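Residues in the sequence shown are numbered from 3 upward in steps of one, following this note's numbering. Notes follow the structure.
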Amino acid sequence: MIDFIQLCDDKGIAHMSEGHHHCHEGWVQVHCPFCSDGTEGWHLGWNEEHGAMNCWRCGRHTIWEYLHAVFLRVNIRELLQQYETGRPALTQKEQSPRPTFVDPPPNCDRLKLTHTKYLIERGFDPKKLRREWGLKGTAGLSGEWSWRIIAPIRDRMGQVVAYTGRALGKQMKPRWKTTSNEKMVQEPRQLIYGIEKVMESVLVVEGPSDVWRMGPGAVGVLGIDWTEEQASILRQFPRRYIMFDPQIQAQSRAQGLAEWLSPFPGVTEVIDGLKCDPGDLSQDEADNIMRELGF
Numbered sequence: 003m004i005d006f007i008q009l010c011d012d013k014g015i016a017h018m019s020e021g022h023h024h025c026h027e028g029w030v031q032v033h034c035p036f037c038s039d040g041t042e043g044w045h046l047g048w049n050e051e052h053g054a055m056n057c058w059r060c061g062r063h064t065i066w067e068y069l070h071a072v073f074l075r076v077n078i079r080e081l082l083q084q085y086e087t088g089r090p091a092l093t094q095k096e097q098s099p100r101p102t103f104v105d106p107p108p109n110c111d112r113l114k115l116t117h118t119k120y121l122i123e124r125g126f127d128p129k130k131l132r133r134e135w136g137l138k139g140t141a142g143l144s145g146e147w148s149w150r151i152i153a154p155i156r157d158r159m160g161q162v163v164a165y166t167g168r169a170l171g172k173q174m175k176p177r178w179k180t181t182s183n184e185k186m187v188q189e190p191r192q193l194i195y196g197i198e199k200v201m202e203s204v205l206v207v208e209g210p211s212d213v214w215r216m217g218p219g220a221v222g223v224l225g226i227d228w229t230e231e232q233a234s235i236l237r238q239f240p241r242r243y244i245m246f247d248p249q250i251q252a253q254s255r256a257q258g259l260a261e262w263l264s265p266f267p268g269v270t271e272v273i274d275g276l277k278c279d280p281g282d283l284s285q286d287e288a289d290n291i292m293r294e295l296g297f
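Following this line, the structure appears as structure tokens:
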């Protein structure tokens, strides 16, 4: 096993372990040189227990492949020897199995006035969201989960596999916090918010607040950086619509997902032309879109 963080520090490789939605405990995130130009995204992660690398977009890579992609005219063997720690990497079999139950964030309770005020200011109906999506909230005694609207993430059978929380304050980081990897019931790359309410048609949006706006049938892939594991689940539905935020990068990711899904039986269509994020549409606009799509 190598000291990956020390290598990054010494060689000027940007890295982070917290403060971004791709960060999970036990992983060090870097920019992926395989599915982008290696200067954005924090897609590629290094696992500190077993030394594997995995990208949220393009999948698994070895440290040897990564270093070859990052460094030109460098002896990779010597570089690895320089940062070798002597600590053996854990094999997949040695890793702890996933839990069968996930605890909610500490002191998670019903929505309070602060939470409902935030939702109303964004044009949501708090009672409807509480009923449809089981939203709860935290106040000031929940540690890093404090002052958030908490939403359970479920699998297709309806079991809660993780939690995610939206920060109430504009300056709070991260804006969305999700259960740490080792506490999730399901692999993080398979998480799809709202999947338990999908029948035959699915509208793929980015995040939970987009799902809240569009309603049942919409699912969130938790950002624009969808994974092949998520796409493999989505391909099972015969009618697939994709509606990401209007920014250029988001639309590019939407087209990439559509290209991945299109070869499979059924209909795949990108819904574009929005002037704002789906979550910022008026409820009437969102309802009209869902009716036009047949939901």
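Built from N, CA and C at the ideal position, the CB exists for glycine as well. Computed from a predicted structure; not experimentally measured.
Boundaries of the alpha helix (DSSP H) around Tyr68: Ile65 to Val72.
A distance of 8 Å or more separates the beta carbons of Gly40 and Glu184. Cβ contact annotation for Phe6 (same chain, cutoff 7 Å, sequence separation greater than five): Val30 and Trp48, in chain order. Between the alpha carbons of Glu261 and Val269 lies a distance of about 12 Å. Between the beta-carbon of Glu208 and that of Gly222 there is about 6 Å, and that keeps the pair under the 8 Å contact cut. Contact between Gly139 and Ile151 is confirmed by a C-beta separation of about 5 Å, below the 8 Å threshold. A Cβ-Cβ separation of about 6 Å places Met245 in contact with Leu205 under the 8 Å criterion. In this structure, the beta-carbon distance from Ser203 to Gly296 falls below 8 Å.
For Thr270, the uninterrupted beta strand (DSSP E) segment begins and ends at Val269 to Val272. The beta carbon of Trp44 sits closer than 8 Å to those of Met18, His22, His24, Cys25, Gln31, Val32 and His33, all from its chain and outside the five residues before and after it, given in chain order.
Each residue's CA atom was taken as its position, placing Arg158 and Glu42 some 32 Å apart. Between the stretch 278-297 and the stretch 235-253, the count of C-beta pairs closer than 8 Å reaches three or more; the two stretches touch. Here DSSP, grouped into helix, strand and coil, assigns Tyr85 to coil.
By the Cβ neighbour-count rule, Met186 is buried, with 16 or more other Cβ atoms within 10 Å of its own. DSSP places Gly222 in the strand class (E or B) of the three-state scheme.
At a cut-off of 3 residues, the continuous stretches assigned as beta strand (DSSP E) that sit fully inside the stretch 102-183 are 150-156, 162-169 and 178-180.
Taking C-beta atoms as the reference points, Gly167 and Pro108 fail to come closer than 8 Å.
Here Arg237 has Leu263 and Phe266 as same chain residues with Cβ atoms under 7 Å from its own Cβ, once five neighbours each way along the sequence are excluded. By the C-beta criterion, the stretch 227-235 is judged to be in contact with the stretch 57-65, since at least 3 inter-stretch pairs fall below 8 Å.
For Lys179, the number of other beta carbons within 10 angstroms of its own is at least 16, and it is reported as buried. Here DSSP, grouped into helix, strand and coil, assigns Arg100 to coil. Under the three-state reduction of DSSP, Met18 is assigned to strand. If you draw a straight line from the Cα of Arg156 to the Cα of Ala256, it comes to about 23 Å.
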